[in-house]
Amino acid sequence: MRKIDKFEKVNEENFKRLVGVKRATFEVIVEEYKKAEEERKKGHKIGGRKPKLCEEDRVLFMLEYYREYRTLYHMGIDYGISEGQASKVVKDVEHVLIKSGKFSLPSKRVLYEADSQIEFVLIDATESPIQRPKKSKSDTIQGRKSNIL
Numbered sequence: 001m002r003k004i005d006k007f008e009k010v011n012e013e014n015f016k017r018l019v020g021v022k023r024a025t026f027e028v029i030v031e032e033y034k035k036a037e038e039e040r041k042k043g044h045k046i047g048g049r050k051p052k053l054c055e056e057d058r059v060l061f062m063l064e065y066y067r068e069y070r071t072l073y074h075m076g077i078d079y080g081i082s083e084g085q086a087s088k089v090v091k092d093v094e095h096v097l098i099k100s101g102k103f104s105l106p107s108k109r110v111l112y113e114a115d116s117q118i119e120f121v122l123i124d125a126t127e128s129p130i131q132r133p134k135k136s137k138s139d140t141i142q143g144r145k146s147n148i149l
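Under UniProt numbering, think of the first position of the sequence shown as 1, with each following residue one higher.
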């Protein structure tokens, strides 16, 4: 069963809560990924083992991975794939999205420029006691100054 089928009956608000992006954005990402897969397979012969995850599930896998910060091992178990295959899926979808140029976060410079007005600075200056061992005479090493080189 495809994992994406569970999300089709979910309303728009809950879809964004579950996946991390709106349904329209998700569909655009899937279309972009499908185009890239068709382009990649253009010159190849048809054959080999069929992938366990469809294109929608691969995109969903990558989005869930970044949303939930779970390990690839645990995510792979949920989707029925190995940890290595899970890593490959994340890297493949990432590569396609970066290459398309449609999906990117603003650079740090833009974020800093947009929020350049600093209104106040808050400093936490509370003291917190630190436990330290007590000094004793037996801990110190006594020696003659003439013996030290």
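For each residue, glycine too, the CB sits at the ideal point set by N, CA and C.
Check	Outcome
Curious, which full-length beta strand (DSSP E) runs of at least 3 residues does the UniProt domain "Transposase Helix-turn-helix" (52 to 102) contain?	none
Measure the C-alpha to C-alpha separation of residue 49 and residue 11 and round it to an integer number of angstroms.	35 Å
By the DSSP assignment, the alpha helix (DSSP H) with residue 28 in it spans what residues?	23 to 41
Confirm, please, whether the CB-CB distance from residue 4 to residue 60 is below 8 Å.	yes
In this structure, how does DSSP classify residue 123 when only helix, strand and coil are distinguished?	coil
Does the segment 14 to 23 come close enough to the segment 62 to 79 to have 3 or more Cβ pairs within less than 8 Å?	yes
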